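These protein sequence lines map, in sequence, to chains A and B.
Numbered per our numbering, the first sequence spans residues -6 to 315.
Numbered per our numbering, the second sequence spans residues 7 to 322.
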Amino acid sequence: MLELVDVHKVYRVGTFGTGTVHAVRGVSFDVQPGEVVSLIGESGSGKSTIGRMVLRLANATSGSIRFDGTDVVSLRHRGLRDYYRHAQGVFQDPFSSYNPIFKVDRTFETLRRSYFPQDTGAAWDERVADAVHSVGLVPGEVLGKFPHQLSGGQLQRLLVARALLLDLRLLVADEIISMLDASTRIDVLNLLGDLKARGLGILFVTHDLSLGNYVSDKVVILHQGRVVERGPTAAVFADPRHPYTRTLLASVPQLDRRWEDVEAEEERRSAALGDECLYHARVDGADAHDLGLVEVAPGHLVGCFRDGADDACPGVRAPVAG
Amino acid sequence: MSLRVDDLAVHYRTTRGDVQALDGVTFEIADGEIMGVAGESGCGKTTLGKALIRLENRMKHVRGTVTLDGEKLPIADDRAMDPYRYRRISLIPQYAMSAMNPTRKIGRMIRELVTAKGVAYEDVRPELERRLRLVGLDEEVLGRYPIELSGGMKQRVVLVLATLLDPSLLIGDEVTSALDVTSQKAVARALVEFRDREFVRSVVVVTHDISVLYQMADTILVMYAGRLAEKASATTVIDQPLHPYTKMLVGALPKVGERYDDRRLTGIVGRPPSLLDPPGGCRFRDRCPLAMPRCEEQPPFLEVAPGHQVACWAVA
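Given below as structure tokens:
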């Protein structure tokens, strides 16, 4: 459904735009209907930039982003409007997504005016109520309220309800739970799971690995703008191969194991894996700064083991003579 | 006994009346203890941290006492508290790392701060450099501007600065929040190391992130709507919590490896009551699955096992 191929994003920086920051480097992955793909990375990894490019809030410098075969980058006016009927985004701060001086209902009204100008009255109200119901909220408890009267979780779910009023097929959820309290976070995550069951494709952008793991089918691990590892969630979490993924997993504060235990396990894994770069060991004549990935298990891909995108590859083990 | 808080109540003055943000909390922190304070936004955890060092203008001390190392603190008297601040009690406020003066190099900023407290920078500089190295920072950061450092580096600078005079108590408000997991771990580790090396005697870590507390804290205090719900060792709070609120809070967190398809976790329905005019009795009872008629009476914070206190009629 959504397919990214070799997407790059270069930002111009500095007073005269002379410097450049290569924020996204050769990223490829896809999102299918009924699938949650988690885009995981630390700050500066380019994960939000990718979400913004998918929503056309930023333009890719090169590469293609296709939605059902149509290049999203080339969409203009009407085409873009139609695209937004199917693809919507929800972002980190629910409070800044609403105008605090208006009731939350206004967010539905603006949508009606731009997409369904002929739908008015009771029929529309009923559709809104249905959408609010489908995100697990009681319309009577949330509609007609001001943003400050609702919790962050309720506001986030209302934004999802708004997107559902359209013919939604792809949802980009960028850190939508990082500002919520633990008690309501899980409700929003469960909602993503429910939407997935209804056939929606979801691109879930997050820095939190335990949350990324809870709902997602596939994960894409980003580091300094490049994909270092991707694959089925269970495979990547159970058997992380890239050193960066392993460090990341060993740093996650867990609730059933202390860091010391996780580190001991990680050391055993490192010893078993050795320090050989899996990518350069398998691809003959690959360029040192190659952005490609090799398949280490079905659907489980790993990139070069270098840390920074411009660093040197830690190398491959010399073949044993004889 | 390092810190003792007795029936402390602090309200916020607003035009609509007093917000009872902290309503009678009583607890103790032992020497060398790292105590985590957890709870949802608006539960009073930040107010508790602030009340121990400085009451803002709109904060009103209603009742209760704070005793540090056997000495009663004049918390309601802003001027009288001054000699204690930074030297005996130090605070890392929320967003401290973003509050550094962007026009000063780190070294000059620290010089100005310690000079304002009557300490000569040259006297503390060797120790400052030693501690920076201890948290993995080169002394060269002193010659850099805040914008040149990452969030994790800035937070470690703030930690070194806050504990430079070996305070008895350090209060860290959301010190590990808004950091990437690798930096979060480095900051948490540094904090534990500072306690181990006795740069600081005991620590209060205020955060909404219980999993970080499980990794670094000795004990966890769970707050709800301005009151204490439960206090126990970190392991007990996570593995064998008693208070229904703690149970639901911990139960709402997915563990790494736990999947939506296998076991669907649930959040806590409802919202905490308004603290402008909170209902009497247990404040959690509207959201509580164990609520019973007796809950209309406020439950005492009782010790149910050594080092394990709970405020709940149903389980205590």
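We treat Cβ as the ideally placed atom computed from N, Cα and C, and that holds for glycine.
Nothing here was measured: the structure is a model prediction, and the numbers come from that model.
Query	Result
If I measure Cβ to Cβ from F139 of chain A and keep anything under 6 Å in the same chain, skipping five residues before and after, which residues do I get?	K96
At a Cβ threshold of 8 Å, is K191 of chain B touching chain A?	yes
Ends of the beta strand (DSSP E) at K2 of chain A?	-5 to 6
Less than 8 Å between the C-beta atoms of H15 of chain A and V24 of chain A, yes or no?	no
Note down, in chain order, each residue of its chain lying with its Cβ closer than 7 Å to the Cβ of T32 of chain B, except the 5 sequence neighbours on either side.	V11, D12, D13, F307
With DSSP run on the structure shown, which of helix, strand or coil describes H70 of chain A?	helix
Taking all protein chains shown into account, do 16 or more other C-beta atoms lie within 10 angstroms of the C-beta of N52 of chain A, making it buried, or fewer, making it exposed?	exposed
If the cut-off is 7 Å on Cβ atoms, which residues from the region 172 to 189 of chain B count as contacting chain A, listed in chain order?	D186, V187, T188
Rounded to the nearest angstrom, what separates L157 of chain A and Q190 of chain B at their Cα positions?	36 Å
What does the alpha-carbon distance come out to for the pair T177 of chain A and G124 of chain B?	47 Å
Do A240 of chain B and T252 of chain B have their C-beta atoms within less than 8 Å of each other?	no
DSSP three-state label for P225 of chain A, please.	strand
Along chain A, which residues have their Cβ under 8 Å away from the Cβ of K261 of chain B?	S203, Q247, L248, D249
At the 8 Å Cβ level, is H141 of chain A part of the contact set with chain C, yes or no?	Absent from the structure is chain C; the protein chains it does hold are A and B.
Could you compute how far the alpha carbon of V279 of chain B sits from the alpha carbon of R300 of chain B?	Residue identity check: residue 279 of chain B is Pro in the sequence provided, not Val. For P279 of chain B and R300 of chain B, the distance between alpha carbons rounds to 18 Å.
May I ask you to verify whether the region 200 to 211 of chain A touches the region 26 to 33 of chain A, counting CB pairs closer than 8 Å and requiring at least 3?	yes
Check each candidate in A:Q149, A:D174, A:G218 and name the one with the smallest Cα separation from H214 of chain B.	A:D174
Quick one: list the residues of chain B neighbouring L241 of chain A, beta-carbon separation under 8 Å, in chain order.	V187, T188
Please list, in chain order, the residues of the region 19 to 36 of chain A that have any C-beta partner in chain B closer than 8 Å.	E35, S36
What ranges does the alpha helix (DSSP H) occupy inside the region 63 to 108 of chain B, keeping only unbroken runs of at least 4 residues that lie completely in it?	84 to 87
So, S36 of chain A versus H216 of chain A, is the Cβ gap smaller than 8 Å?	no
Starting from F230 of chain A, find everything on chain B with Cβ-Cβ shorter than 9 Å and list it in chain order.	V262, G263
Return the first residue and the last residue of the beta strand (DSSP E) that S239 of chain B is part of.	233 to 239
Would you say S217 of chain B lies against chain A (beta-carbon separation less than 8 Å)?	yes
Look up P312 of chain B in the DSSP assignment and say whether it is helix, strand or coil.	coil
Roughly how many angstroms lie between the CA atoms of D300 of chain A and D129 of chain B, to the nearest whole one?	40 Å
Measure the alpha-carbon distance for T199 of chain A versus A82 of chain B and round it to whole angstroms.	43 Å
Span of the beta strand (DSSP E) holding I274 of chain B?	Here I274 of chain B belongs to no beta strand (DSSP E), and DSSP marks it neither H nor E.
Any idea if H141 of chain A is buried or exposed, counting beta-carbon neighbours within 10 angstroms, 16 or more meaning buried?	exposed
With a threshold of 8 Å between beta-carbons, can Y316 of chain A be considered close to chain B, or not?	Nothing can be reported for residue 316 of chain A: it is not among the residues displayed for chain A, which extend from -6 to 315.
Output, in sequence order along the chain, the residues in the region 273 to 284 of chain B whose CB is closer than 8 Å to any CB in chain A.	G273, I274, R277
Given a cut-off of 8 Å on the beta-carbon distance, is the pair V20 of chain A and G12 of chain A in contact?	no
Just the chain B side, please: which residues come within less than 8 Å of D316 of chain A by C-beta, in chain order?	In the structure as shown, chain A begins at -6 and stops at 315. Residue 316 of chain A is therefore absent and cannot be evaluated.
Out of A:R105, A:H293, A:D232, A:V83, point me to the one whose CA is closest to A265 of chain A's CA.	A:D232
Please return the same chain residues whose Cβ sits closer than 6 Å to the Cβ of A314 of chain A, not counting the five positions on each side in sequence.	Note that A314 of chain A scores 45 on pLDDT, short of 50, meaning its location in the model is unreliable and no value can be drawn from it.
List the residues of chain B that T177 of chain A touches, going by C-beta distances under 7 Å, in chain order.	G273
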